[in-house]
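What follows is a set of notes on a single structure, which appears directly below.
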Amino acid sequence: MSLLRVDKICRQFGGLAANTDVCFTLEEGEILGLIGPNGAGKSTLFSIIAGALDPTSGEVWFQGKNLTGLDAATCCAAGIGRTFQVVRSFDSLTVLENVTVGAYNRTKSTKAAKKLAEETLEWTGLAHRADRLAVELTPPEKRRLEVARALATQPKLLLLDEVMTGLTPTEAQAGVELVRTIRKRGITVLMVEHVMEIVMPLVDRAVVLNFGKVLTEGKPTEVIKNPDVIKAYLGD
Ligand code: ADP
Ligand code: MG
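For the record, in the sequence shown the residue sitting at position 33 is 35 according to my numbering, with numbers rising by one throughout.
Structure representation (structure tokens):
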């Protein structure tokens, strides 16, 4: 049984088809890249998987359960954590408080939530910034905070939406290392990322979306050689 199965997902926004018949599976322990040009429907699909948006049709199965149409809190409790493309940290809270907000999704005890948040900051490399306000962080630290907050919900599956966008190559490399650490801790990763040089060496498999549809999927080395993928990216 796959950890996640996305089955014929369609999502309309008025007359616009953001997702059309999207199907793929994700196995436990995998890092799967979801790639495709701007507007291809990647963030829409993330919101559907995370329960923030209902599909027009189709189903989302997670650990053998049909999660279609369930709300974000229920999907989070089931083990799906996510980041947002636009950073959503609380500027006026400290780093620790931000991550504690995530941890509250897993435990309702204040003490346990704080402990879980501290542990999460430790292994995500943000412990030395715990008492800083989120607003004081550098851009790569803000991205890391977003990831840490999602991790504090203790997900089995983590959805990362363009967490490396805007980072320098060195900062992005540190991000790549964090994703590897996340996988080593037994968390399955589905990630949207634009920079091919970053995402392709990292992922086990890639699914390519274009105009809301799956264009192709496969090993990164095969996918980047696919003429349709090259065409979609060059906007031929
Ligand atoms: P990507 O993340 O691949 O860049 P999105 O999923 O954000 O793509 O968007 C896919 C398409 O759906 C785009 O044309 C976008 O304008 C449209 N879209 C996304 N969200 C909404 C919304 N809430 N209302 C209307 N159109 C939307
Ligand atoms: Mg997007």
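Cβ coordinates follow ideal geometry from the N, Cα and C atoms, glycine included.
Under the criterion of a Cβ to heavy atom distance below 7 Å, does residue i qualify as lining the ligand MG?
{"i": "Val89", "result": "no"}
{"i": "Gly93", "result": "Per the sequence shown, the amino acid found at residue 93 is Asp instead of Gly. Asp93: no, Cβ never under 7 Å from the ligand MG."}
{"i": "Val209", "result": "no"}
{"i": "Asp163", "result": "yes"}
{"i": "Val24", "result": "no"}
{"i": "Leu194", "result": "In the sequence as presented, Leu is not what sits at residue 194; that position holds Val. Within the cutoff, so yes."}
Would DSSP call residue i helix, strand or coil?
{"i": "Arg242", "result": "Lying outside 3 to 238, the shown extent of the chain, residue 242 is not represented and no answer is given."}
{"i": "Gln87", "result": "coil"}
{"i": "Gln156", "result": "coil"}
{"i": "Glu29", "result": "coil"}
{"i": "Val101", "result": "helix"}
{"i": "Thr183", "result": "helix"}
{"i": "Thr140", "result": "coil"}
{"i": "Leu118", "result": "helix"}
{"i": "Gly220", "result": "strand"}
{"i": "Val191", "result": "strand"}
{"i": "Leu72", "result": "coil"}
{"i": "Gln175", "result": "helix"}
Quick one: does residue i have its CB under 8 Å from some CB of chain D?
{"i": "Ile51", "result": "Judged by its chain identifiers, the structure shown contains no chain D, having just a single protein chain."}
State buried or exposed for residue i, treating a residue as buried only when at least 16 other CB atoms are found within 10 Å of its CB.
{"i": "Asp163", "result": "buried"}
{"i": "Ala75", "result": "exposed"}
{"i": "Lys67", "result": "exposed"}
{"i": "Asn40", "result": "exposed"}
{"i": "Pro157", "result": "buried"}
{"i": "Cys78", "result": "buried"}
{"i": "Phe240", "result": "The structure shown has nothing for residue 240, since the chain only spans 3 to 238."}
Going by the C-beta, is residue i closer than 7 Å to any heavy atom of the ligand ADP?
{"i": "Asn40", "result": "yes"}
{"i": "Gly71", "result": "no"}
{"i": "Thr46", "result": "yes"}
{"i": "Leu160", "result": "no"}
{"i": "Leu18", "result": "yes"}
{"i": "Gly168", "result": "no"}
{"i": "Gly35", "result": "no"}
{"i": "Phe15", "result": "yes"}
{"i": "Gly43", "result": "yes"}
Using the Cα positions of residue i and residue j, report the straight-line distance between them to the nearest angstrom.
{"i": "Thr22", "j": "Arg185", "result": "29 Å"}
{"i": "Glu99", "j": "Asp56", "result": "30 Å"}
{"i": "Leu204", "j": "Thr58", "result": "32 Å"}
{"i": "Phe86", "j": "Pro229", "result": "30 Å"}
{"i": "Arg187", "j": "Glu199", "result": "24 Å"}
{"i": "Asp206", "j": "Gly214", "result": "22 Å"}
{"i": "Lys227", "j": "Ile11", "result": "26 Å"}
{"i": "Val97", "j": "Gly127", "result": "12 Å"}
{"i": "Lys144", "j": "Trp63", "result": "31 Å"}
{"i": "Ala137", "j": "Phe92", "result": "In the sequence under discussion, the amino acid at residue 137 is Val, which differs from the Ala named in the question. C-alpha separation (whole angstroms): 8 Å."}
{"i": "Met202", "j": "Thr122", "result": "27 Å"}
{"i": "Ala80", "j": "Gly104", "result": "14 Å"}
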